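Taking it in order: structure first as structure tokens, then the write-up.
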Amino acid sequence: MKQTVVDVAVDGYGVLRPADTPAVLVPFVIEEEVVDVEVIHRKKQLWYGAAVSWHATSPHRTEPACTDFGRCGGCRWQMMTYAHQLHHKRRFVEQALHHIGHIAVEVPPVVPSPQVWHYRNKAEYAFGRDAQGNLTLGFHPRGEFAQVLPINQCQIVPERFERVRQAILREAQQLGLAAYDPRTHRGLLRSLLIRGTEQEAIALLMIAEDRPDVA
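Now the structure itself:
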């Protein structure tokens, strides 16, 4: 169905309000865009859909920095300019204060961050297998915790994290180690947690067995 996006919700979804159906939540769209939507899940008072084509795009739309955007379970707004993201974040705070807290205050503009990319100080990666059965290390697709998405370069973690991730994956592949499968309870490697900055990082490898030799 062809619809106009009328709002953006606090959880990042675009909101559509067809005349003859419940409201439809659609990811990766911006208010005032006109899209063709495929409904993929129906609840009694709310539907979920996916945009399959655009008839009109927002002036606030931009090219995502990440090649995995839309597949990874992380970022929701990389298709939106940073300035417009801040506009909505201010609006969400204002709505919470006015409509939920009943506090009549003027919310000032959000102070933009001097570092828009590579700002996270923590990342947790999961081990899994790709379509060819090879060991991979990446993120879960949204809502698909049994799957692991091989990633290229996460744009919100320090670049040092990516070098650590690639080095550990390469070493594990060379050693012939397998990802832990929660369905069969076989395999060794569960996840990799990295904390730090661009200058230094600490990595913690979670495994399913007591294997001092792996260290």
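First residue of the sequence shown: -18, per our numbering; consecutive thereafter. Ideal Cβ placement from N, Cα and C applies to all residues, glycine included. Small disclaimer: the values here were computed from a predicted structure and weren't measured.
> CB-CB under 8 Å to Asn115, same chain, minus the five flanking residues each way: which ones, in chain order?
Replying inline: Taking the sequence shown and counting its residues from 1, the one referred to as residue 115 is at position 134. So the list reads Gln154, once near-sequence residues are dropped.
> Mapping DSSP to helix, strand and coil, what is Ile11?
Replying inline: By one-based count along the sequence shown, residue 11 stands at place 30. DSSP, read as helix, strand or coil, puts Ile11 in coil.
> Which term fits Thr197, buried or exposed, when burial requires 16 or more other beta carbons within 10 angstroms of its beta carbon?
Replying inline: Since the displayed the chain opens at -18 and closes at 196, residue 197 lies outside it and no answer follows.
> Do Pro93 and Leu67 have their CB atoms nearer than 8 Å?
Replying inline: Here the question's residue 93 lines up with position 112 in the sequence shown. Here the question's residue 67 lines up with position 86 in the sequence shown. Against a cut-off of 8 Å, the Cβ pair of Leu67 and Pro93 comes out as a contact.
> Considering only the beta carbon of each residue, do Ser39 and Glu19 sit closer than 8 Å?
Replying inline: As a first step, residue 39 must be located in the sequence shown, where it is residue number 58. As a first step, residue 19 must be located in the sequence shown, where it is residue number 38. Not in contact: Ser39 and Glu19 (Cβ atoms no closer than 8 Å).
>> For a minimum of 4 consecutive residues, which ranges assigned as the alpha helix (DSSP H) are wholly contained in the stretch 73 to 161?
In response: 140 to 156
>> Taking 8 Å as the cut-off, does the stretch 39 to 49 touch the stretch 121 to 139 (at least 3 CB pairs, one atom from each stretch)?
In response: yes
> Three-state secondary structure (DSSP) at Arg71?
Replying inline: As a first step, residue 71 must be located in the sequence shown, where it is residue number 90. It is helical.
> Going by C-alpha distance, which of Met(-18), Lys(-17) and Pro8 is nearest Arg123?
Replying inline: By one-based count along the sequence shown, residue 123 stands at place 142. When each option's Cα is compared against that of Arg123, the closest is Pro8.
> Out of curiosity, what's the CA-to-CA distance linking His22 and His121?
Replying inline: One-based indexing of the sequence shown puts residue 22 at position 41. One-based indexing of the sequence shown puts residue 121 at position 140. Distance between the alpha carbons of His22 and His121: 20 Å.
>> Starting from Thr(-15), trace the beta strand (DSSP E) in both directions and tell me its first and last residue.
In response: Position 4 of the sequence shown, counted from the start, is the residue given in the question as residue -15. Segment Lys(-17) to Thr(-15), the beta strand (DSSP E) holding Thr(-15).
> Could you give the distance in angstroms between the alpha-carbon of Glu87 and the alpha-carbon of Ala64?
Replying inline: As a position in the sequence shown, residue 87 is number 106, starting the count at 1. As a position in the sequence shown, residue 64 is number 83, starting the count at 1. For Glu87 and Ala64, the distance between alpha carbons rounds to 19 Å.
> Taking just the CA atoms, how far does Lys103 sit from Gln174?
Replying inline: Residue 174 sits at position 193 when you count from the first residue of the sequence shown. Residue 103 sits at position 122 when you count from the first residue of the sequence shown. Rather than Gln, the amino acid found at residue 174 in this sequence is Leu. Those two C-alpha atoms are separated by around 7 Å.
> When DSSP builds the beta bridges, which residues end up paired with Leu169?
Replying inline: Position 188 of the sequence shown, counted from the start, is the residue given in the question as residue 169. None, per the DSSP bridge assignment.
> On the premise that Ala160 lies in contact with Gly109, defined as a C-beta separation below 8 Å, what is that separation, rounded to the nearest angstrom?
Replying inline: For the purposes of this step, residue 109 is taken as residue 128 along the sequence shown, with counting starting at 1. For the purposes of this step, residue 160 is taken as residue 179 along the sequence shown, with counting starting at 1. Indeed they touch by this definition, with Cβ atoms about 5 Å apart.
> Can the beta-carbon of Val(-9) be found closer than 8 Å to that of Phe73?
Replying inline: On the sequence shown, residue -9 is found 10 positions in, with the first residue counted as 1. On the sequence shown, residue 73 is found 92 positions in, with the first residue counted as 1. Yes, Cβ-Cβ distance for Val(-9) and Phe73 is below 8 Å.
> Straight-line CA distance for Asp111 to Gln128?
Replying inline: Stepping through the sequence shown from its first residue, residue 111 is reached at position 130. Stepping through the sequence shown from its first residue, residue 128 is reached at position 147. Taking the straight line joining both Cα atoms gives about 9 Å.
> Is Val4 helix, strand or coil by DSSP?
Replying inline: Position 23 of the sequence shown holds residue 4. A quick correction: the sequence has Ala, not Val, at residue 4. If DSSP states are grouped into helix, strand and coil, Ala4 belongs with the strands.
> So, helix, strand or coil for Tyr29, using DSSP?
Replying inline: For the purposes of this step, residue 29 is taken as the residue at position 48 of the sequence shown. Note: Tyr29 maps to strand in three-state DSSP.
> So, Gly157 versus Arg57, is the Cβ gap smaller than 8 Å?
Replying inline: Locating residue 157 in the sequence shown gives position 176, where the first residue counts as 1. Locating residue 57 in the sequence shown gives position 76, where the first residue counts as 1. Taking 8 Å as the Cβ cut-off, Gly157 and Arg57 do not qualify as a contacting pair.
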